[in-house]
Amino acid sequence: MTGQDSNPSSASSASLQRRIRQLEEQVAALTSIRHHFDAVFNHPHSFVGILDREGAVLRENQAEQADIRGKPFWETPWWTHSPPLQDKLRRHVQQRHGYPQGVKEDIFGERFRYGEEAGTGLGLYIVKKTVERYGGNVAVEDNRPQGTVFVLHLRRAHP
52 MTGQDSNPSS ASSASLQRRI RQLEEQVAAL TSIRHHFDAV FNHPHSFVGI
102 LDREGAVLRE NQAEQADIRG KPFWETPWWT HSPPLQDKLR RHVQQRHGYP
152 QGVKEDIFGE RFRYGEEAGT GLGLYIVKKT VERYGGNVAV EDNRPQGTVF
202 VLHLRRAHP
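Okay, so the sequence shown: first residue is 52 according to the numbering used here, each after it adds one.
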């Protein structure tokens, strides 16, 4: 055994240095994910918002629009052109409607669309590909008593 190995202070220092390197790698990985998220979230030609469970806008991207924070999403300018669509969106959010089993199997596919008012079919596909690029995975699960939950598992940085 060398003098360095028997020195508790030296062993603690080496352990601390390894842990610092691990944390630095994790910060770098999270920073990279954040940059990808920001690139999608702040796309200048799209409105993107994060909603709470009741459908109120918590955060919105930099789209040039009226002040919408705290408003129900169906009362924002993007939906006022169609009262039936507003009502459908309101009911959908308020019911926390889940996806049927057949839809859940395909929901992360490129260009997959669901429902009468389907979007581009790219949102969840982009999420899945970004998470997988960093060694993680994403899944869709039933929420009890109703609704759907998207679960993201991200790989932990290794020393």
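The beta-carbon is built from N, C-alpha and C at its ideal position, and this holds for glycine as well.
Excluding sequence positions up to five away, which residues of its chain have a Cβ less than 6 Å from the Cβ of residue i?
i	result
R164	G172
L203	V182, V189
G100	V108, E111
H87	T181
D103	L109
E161	Y176
In its own chain, which residues sit with a C-beta less than 7 Å from the C-beta of residue i, not counting the 5 before and 5 after it?
i	result
K179	F159, V189
V154	Y165
K122	A107, V108
D157	F163
How should residue i be labelled, buried or exposed, when 16 other C-beta atoms within 10 angstroms of its C-beta is the threshold for buried?
i	result
F124	buried
V182	buried
E111	buried
L67	exposed
E115	Because E115 carries a pLDDT of 48, less than 50, the predicted location of this residue cannot be relied on, and no value is offered for it.
A74	The question names Ala, but residue 74 in the sequence shown is Leu. The residue is exposed, with fewer than 16 neighbouring Cβ atoms inside 10 Å.
S60	exposed
I'd like the list of long-range same chain contacts for residue i, defined as Cβ closer than 8 Å, with 5 residues on each side in sequence excluded.
i	result
Y185	A80, S83, I84, L205, R206
N58	none
G187	L203, H204, L205, R206
Which residue from the options puts its Cα closest to that of residue i?
i	options	result
E105	N58, H132, V91, L140	L140
G174	V91, N58, P134, K122	V91
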